[in-house]
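Asker: Residue numbers (this note's numbering), protein chains in the order written: chain A, 4 to 269; chain B, 4 to 269.
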């Protein structure tokens, strides 16, 4: 199913129905990855610089693996795509593949909230998602440090993509109600912009859908209701209400705040 | 949920109930990854050496990314784990982490069916899984080559882990019915071993569970029955009946054929 949004066509990329479809589809991706992650205990050691000693690096194991993954994926031009933002921009390398010519869809901007995503993922999402299932008799398992960090890479990248998709949402809204937003931006009225992009009813629907999805994807349908629960459903809902939705709105607001900046193209 | 099997404890690693739990859990992992993969079209160009030119390598893009991923993960000791087998053993590097001392669980053996897994994945699984959804008006999308290859890495690694878990199944069965298997192995009776490890009733149950899972994880529960179908359910079932189950049994048989070989430890 070609569900990936076509970012090579500005009219499709900014169609709110397409964006909505992509955002809903990304919910599945995020839930799949977090379900995979909580197979393993919290393993806090991998998040502490020096917790696992890495020759030649002072990063934590989790950060080191994320940075190396970004280095590798930058070579197959991941970070040329307008919906991908790195956590470690300094490690990126020149792509080995021919560059693609994406059309200009977004206004030039430097919004990147990955540092906040990473912090909230470690401090809020993981402890809550892992808590319910961490068995006291087990604690950390060194054997799973690598697998755990690998799952974290997938979770963080999916969260980052979902949250930075807010830029497309913001651009589409800006094009739809340009005058309203220009006024708010000129007044630097971040609260007003936040109010203009917020739809509480839709947010409630998102959380309700998340709950249903986490329950469905997190249980074994052959076992019946709640069979072999793989994830704490409420932790998934909280991840969205406390991290994904607020940070998406932050991205939208900050993107719009840069929307009127003159650029070399204008 | 600490669902990862504890391979540092031989009694747990060879407990058939634990193995069964792990195999059922790996079904979810595989289904999640294949659902992610079929977001993108087949993109056959990435599987052809030279299809995407890679400076300094004559591998296809998909193989190159898999090899580089294995190189990176070997450094965090992925391939020291007794349930992980590389597709490109020649690229592996020395781990940067302290080695773990896994106890000896399996008999020394060189069974690795990854070449066959890769071939069947490309020739049988992908065309079928992608077919139903590939839109004629779209065909390949270069913008998704990297994402597609990244999903393939996840699928292939999950399939490989699931299929090579057959070694633990075989070892547990061998320990349970040693005399029976020793006789068959001495006679080099591969057919007899295959018959001894086959339980058609269980295989039928596995396929039925797969069908339920593919349907549940592949639809949006907020939309109702079959809502926003993300994957061709029968392609997932066929992947198991034609690839996963036969190759797992091949691994079991070939492992057992090496089970009586003297080693330096004996």
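Each residue gets a CB set at the ideal place from its N, CA and C atoms; glycine is no exception.
(1) For residue 225 of chain A, name the three-state secondary structure that DSSP assigns.
(2) Would residue 118 of chain B be called buried (16 or more neighbouring beta carbons within 10 Å of its own) or exposed?
(3) Can you tell me which of the three DSSP states residue 116 of chain A falls into?
(4) Taking C-alpha atoms, which residue in B:170, B:240, B:202, B:196 lies nearest to residue 270 of chain B?
(5) Can you check the region 16-50 of chain A for any alpha helix (DSSP H) of at least 4 residues that lies completely inside it and give the ranges in chain order?
(6) Look at the alpha carbon of residue 7 of chain A and the alpha carbon of residue 42 of chain B, and state the distance between them as a whole number of angstroms.
(7) Can you give the Cα-Cα distance for residue 194 of chain A and residue 84 of chain A, rounded to whole angstroms?
(8) Is the region 94-103 of chain B touching the region 63-80 of chain B in the sense that three or more CB pairs, one from each, lie closer than 8 Å?
(9) Using 10 angstroms around the beta-carbon of residue 89 of chain A, count the other beta-carbons present and answer buried if the total reaches 16, otherwise exposed.
(10) Have a look at residue 180 of chain A and residue 201 of chain A and give me their C-alpha separation to the nearest angstrom.
(11) Does the distance from the CB of residue 37 of chain B to the CB of residue 132 of chain B come in under 8 Å?
(12) What in chain B is Cβ-close to residue 76 of chain A, meaning under 9 Å?
(13) Mind checking whether residue 159 of chain B and residue 121 of chain B have CB atoms under 8 Å apart?
(14) Rounded to whole angstroms, how far is the Cβ of residue 217 of chain B from the Cβ of residue 34 of chain B, which I believe are closer than 8 Å?
(15) Apart from the five residues on each side of it in sequence, which residues of its chain come closer than 7 Å, Cβ to Cβ, to residue 206 of chain A?
(16) What three-state label does DSSP hand residue 57 of chain B in the structure shown?
(17) Measuring only the C-alpha atoms, how far is residue 277 of chain A from residue 146 of chain B?
(18) Could you name the residues of the region 44-68 of chain B whose beta carbon sits closer than 9 Å to any beta carbon of chain A, in the order they occur along the chain?
(19) Since residue 52 of chain A sits in a beta bridge, which residues does DSSP pair it with?
(20) Am I right that residue 1 of chain A and residue 244 of chain A are in contact with their C-beta atoms under 8 Å? What's the rounded C-beta distance?
(21) Quick check on residue 39 of chain B - is its C-beta less than 8 Å from some C-beta in chain A?
(22) Please say whether residue 250 of chain A and residue 166 of chain A have beta carbons closer to each other than 8 Å?
(23) Who are the neighbours of residue 11 of chain A on chain C, taking C-beta pairs under 7 Å?
Answerer: Put simply:
(1) coil
(2) exposed
(3) coil
(4) The requested residue 270 of chain B does not occur in the structure, where chain B is confined to residues 4 to 269.
(5) 19-40
(6) 6 Å
(7) 30 Å
(8) yes
(9) buried
(10) 14 Å
(11) yes
(12) 68, 149, 153
(13) yes
(14) 6 Å
(15) 248
(16) strand
(17) The structure shown does not extend to residue 277 of chain A, since chain A is modelled only from 4 through 269, so no value can be given for it.
(18) 44, 55, 56, 57, 58, 59, 60, 64, 67, 68
(19) A:55
(20) Any property of residue 1 of chain A remains undetermined from this structure, which presents chain A solely from 4 to 269.
(21) yes
(22) yes
(23) Absence of chain C from the displayed structure is noted, the protein chains being A and B.
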